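Please read the structure below before turning to the comments.
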């Protein structure tokens, strides 16, 4: 079977990509199979038991792993460095005035595991998805130490699901934002993390450069401060070439320019003020869940109406509803 062409082996491996046990078996066959399956094996680790989570965190934070990364660092010049300016304050809330300084870091390209040395790359560098939603009793076992170990060892995660990890506080989300936000983080699920506050969301906005999906369902400590910041943007100058000459032109940056899906269901402290600001600034927003947000009375066409009032068929026909934004509210 080892004599088969690489294209056929890749097709076989692709059929097994969701079967982690089979991929692990293939990974141990020989050097060729190991090279072809190594990056798939660690793409989405199965963390459905607490011992598995703790063992994985220990593995990616081991001295051996750090030694391997140090040896490979000169070979990959594009590997992103640690986040800078972590101590720079990112928000100040005083006298009713909100000031935010967005991160100026640029996105770093992901590390591609396609070279002969890829099989030596630390497993944490290959992880793309971390999903703790199937971990039993995560609401009483997952703490900031686990999250700190995961984000420090898996710097290129694009999807992170931490729903119902209610022990997590703002400091855990700040670590996620500072280490993963400037790189590849596309989706972050914090639904049910009831102890996080506006500070966590402000940190996400200050550091994330590619975030497209954010789920905050049940985070009832969040207020309009977070929602307004999600809809705000800053102007940065970028250098572009026109006819051989380098010129600078303004460009809007911020989470508002990338966010496409936002779940705010059962965030009971947010009001019309925050939602209006969000919808004005979040130009890419296509899905917004406001179920259980009893302080929000703005309908799809910005018509203020009590949510218990039913519109007749004739009235509904007269409404000019924005079809580009899918708003869920009950």
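Numbering (the numbering used here), first residue to last: 165 to 494. For glycine and all other residues, C-beta sits at the position ideal for the given N, C-alpha and C. Just so you know, these numbers come straight off a predicted model, no measurement behind them.
- Query: Thinking C-alpha only, which one of 295, 321 and 443 is nearest residue 288?
  - Reply: Translated into the one-based positions of the chain shown, residue 288 becomes position 124. For the residues 295, 321 and 443, the minimum Cα distance to residue 288 belongs to 321.
- Query: In or out: residue 444 buried (at least 16 other Cβ within 10 Å) or exposed?
  - Reply: Looking up residue 444 in the chain shown gives position 280. Residue 444 comes out exposed.
- Item | Span separating the alpha-carbon of residue 174 from that of residue 325 | In the chain shown, the residue the question calls residue 174 occupies position 10. In the chain shown, the residue the question calls residue 325 occupies position 161. Their Cα atoms are separated by approximately 28 Å.
- Message: Nearest by alpha-carbon distance to residue 310: which of 490, 286, 451 and 337 is it?
- Response: Residue numbering aside, residue 310 sits at position 146 when the chain shown is read from its first letter. Among 490, 286, 451 and 337, the Cα nearest to that of residue 310 belongs to 337.
- Message: Pull the bridge partners of residue 379 from the DSSP assignment, please.
- Response: Along the chain shown, one-based indexing puts residue 379 at 215. Paired residues: 353 and 427.
- Query: CB residue 205 to CB residue 191, shorter than 7 Å?
  - Reply: As a first step, residue 205 is located in the chain shown; it is residue number 41 there, counting from the start. As a first step, residue 191 is located in the chain shown; it is residue number 27 there, counting from the start. Yes, the pair counts as a contact, with Cβ atoms nearer than the cut-off.
- Query: Does the pairing of the region 342 to 351 with the region 294 to 302 give three or more beta-carbon distances under 8 Å?
  - Reply: no
- Query: In terms of alpha-carbon separation, which member of 435, 395 and 405 lies closest to residue 421?
  - Reply: By 1-based counting over the chain shown, the position of residue 421 is 257. Considering only alpha carbons, the answer is 395.
- Range covered by the alpha helix (DSSP H) that runs through residue 434: Residue 434 sits at position 270 when you count from the first residue of the chain shown. First-last for residue 434: undefined, no H or E at that position.
- Distance, residue 490 Cα to residue 432 Cα: Against the chain shown, residue 432 aligns to sequence position 268. Against the chain shown, residue 490 aligns to sequence position 326. Roughly 20 Å separates the two Cα atoms.
- What separation, rounded to the nearest whole angstrom, lies between the Cα atoms of residue 225 and residue 412? Here the question's residue 225 lines up with position 61 in the chain shown. Here the question's residue 412 lines up with position 248 in the chain shown. Answer to the nearest angstrom: the Cα atoms are 42 Å apart.
- Message: Measuring alpha carbon to alpha carbon, tell me which residue in 353, 285, 448 and 389 is nearest residue 382.
- Response: Against the chain shown, residue 382 aligns to sequence position 218. Among 353, 285, 448 and 389, the Cα nearest to that of residue 382 is on 353.
- Item | For residue 408 and residue 314, the rounded distance between their alpha carbons | Here residue 314 refers to the residue found at position 150 of the chain shown. Here residue 408 refers to the residue found at position 244 of the chain shown. Going by the C-alpha atoms only, they are around 45 Å apart.
- Item | Assigned secondary structure, residue 451 (DSSP; H/G/I helix, E/B strand, else coil) | Taking the first residue of the chain shown as 1, we reach residue 451 at position 287. Strand.
- Measure the C-alpha to C-alpha separation of residue 199 and residue 429 and round it to an integer number of angstroms. Reading the chain shown from its first residue, position 35 is the one you call residue 199. Reading the chain shown from its first residue, position 265 is the one you call residue 429. About 44 Å.
- Query: In whole angstroms, what is the alpha-carbon distance linking residue 239 and residue 440?
  - Reply: By one-based count along the chain shown, residue 239 stands at place 75. By one-based count along the chain shown, residue 440 stands at place 276. Caution is warranted here: a pLDDT of 46 is assigned to residue 239, below 50, making its placement in the model unreliable, and the coordinate value is therefore given only provisionally. Their backbone Cα atoms lie some 48 Å apart in a straight line.
- Message: Taking its Cβ as the centre, do 16 or more other Cβ atoms sit within 10 Å of residue 169, making it buried, or is it exposed?
- Response: Start at 1 with the first residue of the chain shown, and residue 169 comes out as number 5. With fewer than 16 Cβ atoms within 10 Å of its Cβ, residue 169 is classed as exposed.
- CA-to-CA distance, residue 461 to residue 328, given in whole angstroms: In the chain shown, the residue the question calls residue 328 occupies position 164. In the chain shown, the residue the question calls residue 461 occupies position 297. Whole-angstrom Cα-Cα distance: 27 Å.
- From the DSSP output, in three-state form, read off residue 460 for me. The residue labelled residue 460 in the question sits at position 296 within the chain shown. Looking at residue 460 - three-state DSSP - the assignment turns out to be coil, as it is neither helix nor strand.
- Task: Please determine, among 393, 167, 365 and 447, the residue with the shortest C-alpha to C-alpha distance to residue 437.
- Result: Stepping through the chain shown from its first residue, residue 437 is reached at position 273. Looking at the Cα atoms, 393 is the closest of the given residues.
- Task: Could you name the residues that DSSP lists as bridge partners for residue 324?
- Result: As a first step, residue 324 is located in the chain shown; it is residue number 160 there, counting from the start. 294 and 352.
- Message: Along the chain, where does the beta strand (DSSP E) containing residue 490 start, and where does it finish?
- Response: Mapped onto the chain shown, residue 490 falls at position 326. Run containing residue 490: 490 to 492, per the beta strand (DSSP E) assignment.
- Query: residue 439: beta carbon under 6 Å from a heavy atom of the ligand FMN?
  - Reply: In terms of ligand content, the structure shown is empty, and the ligand FMN therefore cannot be addressed.
- Item | Neighbour-count burial assignment, residue 427, 16 or more Cβ in a 10 Å radius | Within the chain shown, numbered from 1, the residue matching residue 427 stands at position 263. Residue 427 should be labelled buried.
- Task: Give me the Cα-Cα distance between residue 305 and residue 388, rounded to the nearest whole angstrom.
- Result: Position 141 of the chain shown, counted from the first residue, corresponds to residue 305. Position 224 of the chain shown, counted from the first residue, corresponds to residue 388. If I take the Cα positions, the gap works out to 31 Å.
- By Cβ distance, which residues of its chain are closer than 8 Å to residue 214, with the 5 residues on each side in sequence left out? Taking the first residue of the chain shown as position 1, residue 214 is located at position 50. Counting only Cβ-Cβ distances below 8 Å, and skipping sequence neighbours, we find 299, 300, 301 and 305.
- Task: Drop a sphere of 10 angstroms on the beta-carbon of residue 379, count the other beta-carbons inside from all chains shown, and report buried for 16 or more, exposed for fewer.
- Result: By 1-based counting over the chain shown, the position of residue 379 is 215. Classification for residue 379: buried.
- Item | Straight-line Cα distance separating residue 209 from residue 391 | Reading the chain shown from its first residue, position 227 is the one you call residue 391. Reading the chain shown from its first residue, position 45 is the one you call residue 209. Taking the straight line from one Cα to the other gives about 32 Å.
- Item | Length of the line joining the Cα atoms of residue 410 and residue 417 | For the purposes of this step, residue 410 is identified with residue 246 of the chain shown, where counting begins at 1. For the purposes of this step, residue 417 is identified with residue 253 of the chain shown, where counting begins at 1. So the alpha carbons of these two residues sit roughly 20 Å apart.
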